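*Asks:* Below is one structure. I have some questions about it.
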Amino acid sequence: MAFSERVSRLKSSLIREILAAAQRPEVMSFAGGLPAEAMLPKVEWVAMPLSMGQYGMSEGEPALREALAAQARSLGLACEASQVLVVSGSQQTLDLAAKLHIDVGTQVMLEAPTYLAALQIFQLFGADCITVPLEADGPDLKQLRVRLEQYRPAFIYLIPTFQNPSAVRYSEAKRDAVAALLDEFGVTLIEDEPYRELTFDGGSATPIVSRLKKTSWIYTGTVSKTLLPGLRVGYLIASPDLFPHLLRLKQSADLHTNRIGQWQALQWIGTEQYQSHLSELRDFYRDRRDRFQTALLTHFSDIAHWNVPQGGLFFWLTLKQPLDTRTLLDAALAADVAFMPGEPFFPEPDKHPGHLRLNFSHIDPARLDEGLRRLAGVVREALAEKAA
Numbered sequence: 001m002a003f004s005e006r007v008s009r010l011k012s013s014l015i016r017e018i019l020a021a022a023q024r025p026e027v028m029s030f031a032g033g034l035p036a037e038a039m040l041p042k043v044e045w046v047a048m049p050l051s052m053g054q055y056g057m058s059e060g061e062p063a064l065r066e067a068l069a070a071q072a073r074s075l076g077l078a079c080e081a082s083q084v085l086v087v088s089g090s091q092q093t094l095d096l097a098a099k100l101h102i103d104v105g106t107q108v109m110l111e112a113p114t115y116l117a118a119l120q121i122f123q124l125f126g127a128d129c130i131t132v133p134l135e136a137d138g139p140d141l142k143q144l145r146v147r148l149e150q151y152r153p154a155f156i157y158l159i160p161t162f163q164n165p166s167a168v169r170y171s172e173a174k175r176d177a178v179a180a181l182l183d184e185f186g187v188t189l190i191e192d193e194p195y196r197e198l199t200f201d202g203g204s205a206t207p208i209v210s211r212l213k214k215t216s217w218i219y220t221g222t223v224s225k226t227l228l229p230g231l232r233v234g235y236l237i238a239s240p241d242l243f244p245h246l247l248r249l250k251q252s253a254d255l256h257t258n259r260i261g262q263w264q265a266l267q268w269i270g271t272e273q274y275q276s277h278l279s280e281l282r283d284f285y286r287d288r289r290d291r292f293q294t295a296l297l298t299h300f301s302d303i304a305h306w307n308v309p310q311g312g313l314f315f316w317l318t319l320k321q322p323l324d325t326r327t328l329l330d331a332a333l334a335a336d337v338a339f340m341p342g343e344p345f346f347p348e349p350d351k352h353p354g355h356l357r358l359n360f361s362h363i364d365p366a367r368l369d370e371g372l373r374r375l376a377g378v379v380r381e382a383l384a385e386k387a388a
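So this is what it looks like as structure tokens:
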């Protein structure tokens, strides 16, 4: 078959495969980052103008771009609506950025661990993925400087607020330091913030891009975690030197993001109704986080350690005795439980055994304790076999 060279680097999505395998109703799944269906807001269609069914602007609906720019300014990001591009979920931002920056062998810098789908996209385009280890409050700054001195990455991709998968939230000091280093070395920042609004302790911090003084940047977000993932509406805001290129790449990809989804998002963004919804969402997920923590202490405290997430949708567990958690998938599914192994969140998965990402937002609390009991049993059995 006359496929492109890059198809040889195309990897299937392990999380999508796990979700497909976990479709049986009896399976208790901690695998996907799925919002709770009970918290998906009801939407109305009656007032939607008929014109929304027509072709639209590649940049996105003007009113939505204005609302997104205003929201970004409230976070401390100086920008105008002319810098906002509405995309088909923030995943498209990563695809456009990869097309803009990556040739085979291009060096890019990532957190370790990092978002699985971002890693998949960057590797598809042939990137040489360089990583910086994460600490409890952000990247290891000494290692970041060493790598910036040693390499010249086209960009660095960061998720500083409730990172997926680790749930790390960068401290103010780390955000300032990262911005200063990127300005010093002239490295473009792609800052991904899908979980910013899901904070459980009231804490917040201005985006890193708002602290940059010289270097180029892309800031991206989505309504998938706060409204409806099925809308497939995300956005990027870019420095003026990058925006025209990203717009042309968007035009070559899909002409424009679906206008019906954009119209629905516009009914919420910037409204009191949206703020009320976010408050309810935080309370709901905080309760689920707390119940999950209690169950983890019961079933996992002797075999793993973790930090309690202050926001987002995940717990990141590190086994006290490392093993390749990918080898546990079949046994877990046989026990009617699903989880996400941690190894694929690293560019070199075989060098990072012993992590599990567990989602706490979606599973029914009534099934939570039994699900974690079964999963812990699978882990213990594998550890015992390894020690034998």
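Its first residue numbered 1, the sequence shown is counted upward by one per residue in my numbering.
Think of the CB as a built atom: it goes at the ideal place given N, C-alpha and C, for glycine as much as any other residue.
As the structure is a computational prediction, the values presented were derived from the model and not from experiment.
1) SER4 by DSSP, collapsed to three states: which one?
2) Expressed to the nearest angstrom, what Euclidean distance is found between the alpha-carbon atoms of ALA154 and PHE125?
3) For VAL84, which beta-bridge partners are listed by DSSP?
4) For a quick check, are the C-beta atoms of SER216 and PRO194 less than 8 Å apart?
5) For GLY89, count neighbouring Cβ atoms within 10 angstroms of its own Cβ and tell me buried if that reaches 16, exposed if not.
6) How would you label PRO309, buried or exposed, when you count the other beta carbons within 10 angstroms and need 16 or more for buried?
7) Leaving aside the five residues before and after ILE190 along the sequence, list all residues of the same chain whose C-beta is less than 6 Å from its C-beta, in chain order.
8) Can you give the beta carbon distance from PRO207 to LEU77, rounded, assuming they're within the 8 Å contact cut?
9) Straight-line CA distance for VAL86 to GLN264?
10) Rank ALA331, ALA117, PHE315 by C-alpha distance to the C-alpha of VAL27 and give the top, closest one.
11) TRP316 to ASP364, Cα distance in whole Å?
12) With a threshold of 8 Å, are at least 3 pairs of Cβ atoms found where one atom belongs to the stretch 31-40 and the other to the stretch 49-67?
13) Please determine if the stretch 230-238 and the stretch 259-277 are in contact, where contact requires at least 3 C-beta pairs separated by less than 8 Å.
14) Considering only the alpha carbon of each residue, which of THR131, PRO344, LEU249, ASP324 lies closest to HIS101?
15) Cα separation between CYS129 and GLU111?
16) Buried or exposed: where does LEU144 fall if 16 or more other Cβ atoms within 10 Å of its Cβ makes it buried?
*Replies:* Judging by the given coordinates:
1) For the purposes of this step, residue 4 is identified with residue 4 of the sequence shown, where counting begins at 1. Here SER4 sits in coil by DSSP.
2) As a working note, residue 154 is residue 154 in the sequence shown. As a working note, residue 125 is residue 125 in the sequence shown. Taking the straight line joining both Cα atoms gives about 13 Å.
3) Your numbering for residue 84 matches position 84 in the sequence shown. DSSP links VAL84 through a beta bridge to ILE237.
4) As a working note, residue 216 is residue 216 in the sequence shown. As a working note, residue 194 is residue 194 in the sequence shown. 8 Å or more divides the Cβ of SER216 from the Cβ of PRO194.
5) To locate residue 89, count along the sequence shown from 1; it is residue 89. When all chains shown are included, GLY89 counts as buried.
6) Translated into positions along the sequence shown, residue 309 becomes position 309. PRO309 is buried by the Cβ-count criterion.
7) Against the sequence shown, residue 190 aligns to sequence position 190. Taken in chain order, the residues that qualify are ALA97, PHE155, TYR157, ILE218.
8) Indexing the sequence shown from 1 puts residue 207 at position 207. Indexing the sequence shown from 1 puts residue 77 at position 77. With 8 Å as the limit, PRO207 and LEU77 qualify as a contact, their Cβ atoms being about 6 Å apart.
9) Locating residue 86 in the sequence shown gives position 86, where the first residue counts as 1. Locating residue 264 in the sequence shown gives position 264, where the first residue counts as 1. VAL86 and GLN264: Cα-Cα distance of roughly 13 Å.
10) Within the sequence shown, numbered from 1, the residue matching residue 27 stands at position 27. Relative to the Cα of VAL27, the nearest Cα in the group ALA331, ALA117, PHE315 belongs to ALA331.
11) Locating residue 316 in the sequence shown gives position 316, counting from the first residue. Locating residue 364 in the sequence shown gives position 364, counting from the first residue. Taking the straight line joining both Cα atoms gives about 19 Å.
12) Two segments are said to touch when three or more pairs of C-beta atoms, one from each, lie closer than 8 Å; by this definition the stretch 31-40 does not touch the stretch 49-67.
13) Yes, they touch.
14) The residue labelled residue 101 in the question sits at position 101 within the sequence shown. Closest by C-alpha distance to HIS101, out of THR131, PRO344, LEU249, ASP324, is LEU249.
15) In the sequence shown, counting from the first residue as 1, residue 129 sits at position 129. In the sequence shown, counting from the first residue as 1, residue 111 sits at position 111. Spanning the two alpha carbons is a distance of roughly 10 Å.
16) Within the sequence shown, residue 144 is the residue found at index 144, counting from 1. Looking at its Cβ environment, which holds 16 or more other Cβ atoms inside 10 Å, LEU144 is buried.
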